[in-house]
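**Q** For the sequence shown, the UniProt record's numbering assigns the number 217 to the last residue and increments by one with no breaks. One structure is given below, represented as structure tokens, and several questions about it will come after.
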Amino acid sequence: MYEHMTLESIKDGHQWLAKYIQENGPYDAVMGFSQGCSLASSFLIAYRSDNPHTAPPFKAAIFICGGIPVDVLSSYGIDVTQEALDWDRSSKIDLMNQASSEAILRDGKNRWGPRFSSYDNLETAYSQEGINSSKSTMVFGIDVAKIPKEMKIPIPTVHIFGSRDPRFPASLTLAQFCDERLRRLFDHGGGHEVPRTTNCSTALADSVQWCAKMVGL
Numbered sequence: 001m002y003e004h005m006t007l008e009s010i011k012d013g014h015q016w017l018a019k020y021i022q023e024n025g026p027y028d029a030v031m032g033f034s035q036g037c038s039l040a041s042s043f044l045i046a047y048r049s050d051n052p053h054t055a056p057p058f059k060a061a062i063f064i065c066g067g068i069p070v071d072v073l074s075s076y077g078i079d080v081t082q083e084a085l086d087w088d089r090s091s092k093i094d095l096m097n098q099a100s101s102e103a104i105l106r107d108g109k110n111r112w113g114p115r116f117s118s119y120d121n122l123e124t125a126y127s128q129e130g131i132n133s134s135k136s137t138m139v140f141g142i143d144v145a146k147i148p149k150e151m152k153i154p155i156p157t158v159h160i161f162g163s164r165d166p167r168f169p170a171s172l173t174l175a176q177f178c179d180e181r182l183r184r185l186f187d188h189g190g191g192h193e194v195p196r197t198t199n200c201s202t203a204l205a206d207s208v209q210w211c212a213k214m215v216g217l
């Protein structure tokens, strides 16, 4: 689909995905991890923006340690501040260092950094005051109060992420672009990984079942 995360390569990925759905679909839902979420979420946002009166290609989406490429957001008129660009760049570098083979062999599960605390402020970001006024409501450099309603992903979404994941800011940014009334979030407390503990796996399964129930599956 794409070797390098450029706007052009992402658009090529969108074309590939649209063709795949046309030839092999329809599909009820999409689930992705990391870069798979980047493709799926940016595809849904692009589809929503370009086809405002057409039903989305999926009924639901499950994002694990996901994010939206900032180039895509900028291309659709979102004000991607320098703070957002800095978070994007630094978190990618941190992930590359912490997820390397050397780090895995040396540190194992202890390779992940300290927990983020900004998750505690997520509900504040979704307050009615922030949504219905011009008040700045910044989440990792993106003013969520200024996200156009017609740009938000309008289907049930599940967001699984770890507060020790260097790309945690990307996961929360993605959540801002989904309908808060149709969204469920779960912090598995780890790093950039699919949760494996019994409790986390059960919570993940419950979230997927909730998503399926929301769309009548």
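Virtual Cβ for every residue (Gly too), placed ideally from N, Cα, C. Remember, it's a predicted structure, so these values are computed and weren't measured experimentally.
First and last residue of the alpha helix (DSSP H) that includes PHE43?
**A** Annotation: the continuous alpha helix (DSSP H) that includes PHE43 extends over 35 to 50.
**Q** Counting pairs of Cβ atoms below 8 Å between the stretch 195 to 212 and the stretch 40 to 58, do you hit three or more?
**A** No contact exists between the stretch 195 to 212 and the stretch 40 to 58.
**Q** Report the partner residues of HIS14 according to the DSSP bridge assignment.
**A** Note: HIS14 sits in no beta bridge, so no partner.
**Q** Tell me, to the nearest whole angstrom, how far the beta carbon of GLY77 is from that of SER34; I am working on the premise that it is less than 8 Å.
**A** Going by Cβ atoms, the distance from GLY77 to SER34 rounds to 26 Å, so no, they are not a contact pair.
**Q** For my contact list, LEU17 and VAL72 are in at a C-beta cut-off of 8 Å; report their separation, rounded to the angstrom.
**A** Not quite, the Cβ-Cβ distance comes to about 13 Å (not below 8 Å), so this is no contact.
**Q** Looking only at its chain, what residues have a beta carbon closer than 8 Å to the beta carbon of VAL215, apart from the 5 residues adjacent to it on each side?
**A** Here the set comprises ASP28, ALA29, LYS59, ALA60, ILE155 and PRO156.
**Q** Closer than 6 Å by C-beta to ASP179: which residues in its own chain qualify, once you throw out the five before and the five after it? Chain order, please.
**A** LYS152 and PRO154
**Q** Can you tell me where the beta strand (DSSP E) with PHE168 in it begins and where it stops?
**A** Where PHE168 is concerned, there is no enclosing beta strand (DSSP E), although the alpha helix (DSSP H) it sits in stretches over 168 to 176.
**Q** How many angstroms separate the CA atom of HIS159 from the CA atom of ILE62?
**A** So the alpha carbons of these two residues sit roughly 6 Å apart.
**Q** Applying the criterion that 16 or more other CB atoms from any shown protein chain within 10 Å of the CB defines a buried residue, is LYS19 buried or exposed?
**A** exposed
**Q** With a threshold of 7 Å on Cβ separation, who are the neighbours of GLN209 within its own chain once the five nearest residues in sequence on each side are excluded?
**A** none
**Q** Starting from THR198, trace the alpha helix (DSSP H) both ways and give me its first and last residue.
**A** 198 to 214
**Q** In or out: ARG181 buried (at least 16 other Cβ within 10 Å) or exposed?
**A** exposed
**Q** If we count the other Cβ atoms within 10 Å of its Cβ and call it buried at 16 or more, is ALA170 buried or exposed?
**A** buried
**Q** Consult DSSP for VAL194 and reduce its assignment to one of helix, strand or coil.
**A** Reduced to three states, the DSSP call for VAL194 is coil.
**Q** Following the continuous beta strand (DSSP E) through ASP71, name the residue where it begins and the one where it ends.
**A** Unbroken run through ASP71 is the alpha helix (DSSP H), 70 to 75; no beta strand (DSSP E).
**Q** Can you grab the Cα-Cα spacing for the pair ILE93 / LEU172, in whole Å?
**A** 18 Å
**Q** Which of the three DSSP states, helix, strand or coil, is assigned to MET96?
**A** helix
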